[in-house]
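Residue numbers (my numbering): 2 to 363.
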């Protein structure tokens with residue numbers, strides 16, 4: 002059983018920024034012109050990928066191309082807009098990566114994500130923690146059948162455990178928001194009124210009955226849902242909505258890491274931080290409210306030296322290799338081509354891998 006519980010509403014959210022390049026205002030990036038060009042190349046690559054390879058192959062082919070484009074965007078940001086890798090904008094774009102590569106998002110390899118709490122140049126809401134929790138929730142929902150033993154359980158036991166697990170999954174879509182960003186207006190991530198849509202997420206589930214099913218179960222301990230979500234709320238139990246809007250706080254002035262790698266669809270992508278202008282991202286001069294999130298008291302002030310260590314925390318060292326460590330590759334094949342090729346071989350498009358090669362050297 003595989004039930005794709007969530008639709009990643011936050012991936013569709015947009016910050017109110019003038020002259021956007023994706024979620025970003027390019028002039029705030031360390032290398033503005035390179036950043037804009039990189040995004041434009043990724044968009045051109047997507048069009049070529051679809052036009053040259055997806056005829057009669059359907060939505061899976063389009064999804065493979067889009068997943069690779071989102072990976073290219075991540076490379077643009079971490080290379081040319083490294084001073085905003087803890088920002089609201091970057092976290093929203095990574096949500097797009099995760100939702101586009103939903104079949105197998107490698108969330109542990111994404112560089113500088115989720116960010117540490119209270120990081121310089123960080124967002125007042127740790128969107129990355131919400132997105133990461135939703136990925137784990139989605140995987141846990143797909144495993145609810147594993148807790149049912151048809152040979153050794155009574156029908157009532159099977160019904161109780163199965164419904165409790167699915168109800169925890171429904172709660173787990175929205176509960177991370179209130180755990181990690183309780184003061185934020187949910188409309189900022191297009192989550193306002195989302196509880197009313199719970200019944201549509203899993204067929205034949207009645208969200209209004211979930212309190213009784215969840216009673217007596219621990220969603221994290223019993224079913225493998227994220228343990229860092231403080232409370233899995235039942236119907237009508239979600240806290241009052243906050244009123245804050247998304248904003249960045251402070252500025253990141255040195256790269257978290259000058260080099261890093263991440264994985265998109267099984268393919269390793271190398272990045273190097275580049276600067277051409279002394280751009281500093283627009284953010285408030287406010288300090289973080291240390292009471293804003295329950296876990297903020299356990300985090301540091303995220304000065305530049307502590308930021309440097311984060312890439313290993315969030316992405317298993319992110320394989321921080323320099324250019325000298327990069328493996329030899331086909332010079333005509335971009336990382337995006339390789340990613341789509343990998344997806345074609347391993348998951349979706351058995352014949353697609355042969356067709357795609359060297360569309361565009363970004």
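Even for Gly, the Cβ is constructed at its ideal location relative to N, Cα and C. Note that the structure is predicted; figures quoted are calculated from it, not measured.
Using DSSP bridges, identify the partner residues of residue i.
| i | result |
| --- | --- |
| residue 210 | According to DSSP, which records beta bridges pairwise, residue 210 is partnered with nothing at all. |
| residue 263 | 270 |
| residue 94 | Looking at the DSSP assignment, residue 94 forms no beta bridge with any residue, so it has no partner. |
| residue 185 | 245 |
Hey, residue i and residue j: beta-carbon distance below 8 Å or not?
| i | j | result |
| --- | --- | --- |
| residue 137 | residue 226 | yes |
| residue 95 | residue 83 | no |
| residue 249 | residue 122 | yes |
| residue 37 | residue 27 | yes |
| residue 162 | residue 151 | no |
| residue 93 | residue 128 | yes |
| residue 261 | residue 112 | yes |
| residue 145 | residue 171 | no |
| residue 186 | residue 246 | yes |
| residue 215 | residue 208 | no |
| residue 204 | residue 240 | no |
| residue 74 | residue 40 | yes |
| residue 101 | residue 53 | no |
| residue 72 | residue 270 | yes |
| residue 43 | residue 81 | no |
| residue 368 | residue 202 | There is no way to answer for residue 368, as the model of the chain reaches only from 2 to 363. |
| residue 124 | residue 89 | yes |
| residue 236 | residue 212 | yes |
| residue 69 | residue 266 | yes |
| residue 275 | residue 110 | no |
| residue 85 | residue 148 | no |
Would DSSP call residue i helix, strand or coil?
| i | result |
| --- | --- |
| residue 317 | Residue confidence for residue 317 is low, a pLDDT of 38 falling below 50, so the modelled location carries little weight; the figure read from the coordinates is stated next. If DSSP states are grouped into helix, strand and coil, residue 317 belongs with the helices. |
| residue 245 | strand |
| residue 86 | coil |
| residue 230 | coil |
| residue 25 | strand |
| residue 203 | coil |
| residue 218 | coil |
| residue 257 | coil |
| residue 100 | helix |
| residue 170 | helix |
| residue 67 | helix |
| residue 60 | helix |
| residue 239 | coil |
| residue 31 | coil |
| residue 45 | helix |
| residue 55 | coil |
| residue 193 | coil |
| residue 180 | helix |
| residue 75 | helix |
| residue 276 | coil |
| residue 163 | helix |
(message) Taking contact to mean 3 or more Cβ pairs, one atom from each stretch, closer than 8 Å, check whether the segment 220–234 and the segment 173–189 are in contact.
(response) They touch, by the three-pair rule.
(request) Entirely within the segment 102–158 and at least 4 residues each: give me those alpha helix (DSSP H) ranges in chain order. (result) Counting only runs of 4 or more, we get 128–142.
(message) Measuring CB atoms only, is the segment 127–141 touching the segment 252–260, in the sense that at least three cross pairs come out at less than 8 Å?
(response) No, the segment 127–141 is not in contact with the segment 252–260.
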